[in-house]
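Under this note's numbering, the first residue of the sequence shown carries the number 45, and numbering increases by one thereafter.
We put the beta carbon where it would ideally sit given N, CA and C, even for glycine.
Comments concern the structure below.
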Amino acid sequence: MVTALSEQAVVTDWPTRLLLTGATALVIVFALLLLRRGWRRRGNRQEWAALPEVIQSSALADAISGKYIGTVRAGDWLDRIVAGGAMARSAVSPTKAGLLLDREGEPALLIPAAKIEAVETAPGMLQKVFGGHGIVAVTWTWGQSKVVTGIWFADPIDQQSVIGWIDDYVGKPPEAPVQREDS
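Here's what the structure looks like:
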């Protein structure tokens, strides 16, 4: 029989709980600081990758709504170029100077027409896979390095328009797909 005077178990040991919560918060803050440090070091290693100058040029067609996925080194589709910025919605405009990506929250990126080497479709890049028609992967020379910029379009017709513009305007036939080290 249980009486009113029986002892109840201690539910919470507040000093221990507060100590463990504080320690967990410190571990999380430390991990975030390490991530930030790594991102800055990557940026320092890629000092060669200053954004190409955006040249004001008349658009050859209306801007197409797309999503800038990122820019990576050719052959290593997991090595993001820090100066290229993060994923962002973009207005993609073919201009006489090249392919202009007017990105939300990021500086505009111009892929100079003279530097474009190839265009292809790919299932994805940077650990992002897009079903259906995939992304447009534009291979071009940035500084002394060959890079690939990925752009996703919701409408496959828009994707084909951009690929067609690059093929026609740059005047180079599409090349064989870029060989990736991660596949």
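Practice prompt. Keeping to the same chain, check which residues put their C-beta closer than 7 Å to that of Ala118; ignore five residues upstream and five downstream.
Written response: Thr183, Lys190, Val191, Val192 and Val222
Mind checking Pro151: buried by the 16 CB within 10 Å criterion, or exposed? exposed
Sequence-distant residues of its chain with Cβ nearer than 7 Å to Trp196 (five each side left out): Gly110, Lys111, Ile113, Phe174 and Ile179
8 Å contact criterion, which Ala141 and Ala162 should meet: CB distance rounded:
Their Cβ separation, rounded to whole angstroms, is 19 Å, which puts Ala141 and Ala162 out of contact at 8 Å.
Per DSSP, what are the beta-bridge partners of Arg124 in this structure?
Val116
Subject >> According to DSSP, residues forming a beta bridge with Asp146 >> reply: Ala135
query: Which stretch, first to last residue, makes up the beta strand (DSSP E) that contains Leu153?
result: Leu153 to Pro156
message = Considering just the uninterrupted stretch of the beta strand (DSSP E) at Thr193, what are its terminal residues?
response = Ser189 to Trp196
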